[in-house]
Amino acid sequence: MPVNYSGTWNMISNVNFDGYMVAIDIDFATRKLAGMLKTQKVIDQDGDLFTMKTVSTFRNYHCSFNIGEEFEEVTKGLDNRKCKSVVNWDGDRIVCVQKGEKRNRGWTHWVKGDHLYLELCCEGQVCQQIFKKNP
Ligand code: VL7
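Here you go:
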């Protein structure tokens, strides 16, 4: 049985977030602000149904999906694009492919101990974020 991602996770590192934001065309001022944030992931996993909230003092982003079911994602408050997204298990990892205007867009999550890892990809950029579980 795959791992459970449920919980509140606090960001402890964020590598190349700026590169990722450039790749999705976020303007300079917004990038400077967003780059300062320590975001929180609030995840609820109920079987294959996930709700993910990315929470910060600046903006929040909310996304719900069922594993293996393609959905229309609008990256509201981020780059505001429409994607056809689908998330699948890859072993214990969850891998999202975001099909749309941007090439090679998606993300992967995995858990190791009390750490949650996230890689965000777009075009040639990879951003690596690490979160620690709220006890
Ligand atoms: C991950 C942010 C930057 C615009 C504001 C920054 C606000 C907080 O795809 C994501 O998460 C997945 C995987 O965990 C689940 O939906 C979104 C945040 C990407 C991109 C864009 C800068 C403005 C950051 C919302």
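When you line the sequence shown up against my numbering, it's residues 29 to 163, in that order.
For glycine and all other residues, C-beta sits at the position ideal for the given N, C-alpha and C.
For this session: Go through its chain and collect everything with a Cβ distance to K81's Cβ below 6 Å, but skip five positions before and after it.
Result: V70, H90
Exercise. Under 7 Å, do W135 and L148 count as touching if we go by C-beta distance?
Worked result: yes
Problem set entry | Proximity below 7 Å, CB of T79 to CB of M39 | no
Exercise. Can you name the residues that DSSP bridges to S92?
Worked result: T79
Exercise. Start and end of the beta strand (DSSP E) containing E120?
Worked result: The sequence given here places Asp at residue 120; Glu does not occur at that position. Unbroken run through D120: none, as it is neither H nor E.
Exercise. Exposed or buried, S113, counting other C-beta atoms within 10 Å across all chains shown (16 or more means buried)?
Worked result: buried
Exercise. Can you list, in chain order, the residues of its chain whose CB lies under 6 Å from that of F93, leaving out five sequence neighbours each side?
Worked result: F78, F99, V115
For this session: Can you grab the Cα-Cα spacing for the pair S238 / Q157, in whole Å?
Result: Not covered by the structure: residue 238. The range shown for the chain is 29 to 163.
For this session: Would you please state the rounded distance, in angstroms, between the beta carbons of A242 and Q126? I believe it to be under 8 Å.
Result: The requested residue 242 is not part of the displayed model; the chain covers only 29 to 163.
For this session: Please report how far the alpha carbon of D142 lies from the alpha carbon of K110, in whole angstroms.
Result: 33 Å
For this session: Hey, could you find the ends of the beta strand (DSSP E) V102 is sitting in?
Result: 99-102
Problem set entry | Heavy atom of ligand 1 within 6 Å of S92 beta-carbon | no
Exercise. Which residue comes first and which comes last in the alpha helix (DSSP H) that contains T58?
Worked result: 56-62
Problem set entry | M39: CB within 6 Å of a non-hydrogen atom of ligand 2 | Questions concerning ligand 2 fall outside what the structure shown contains, since the ligands it does hold are ligand 1.
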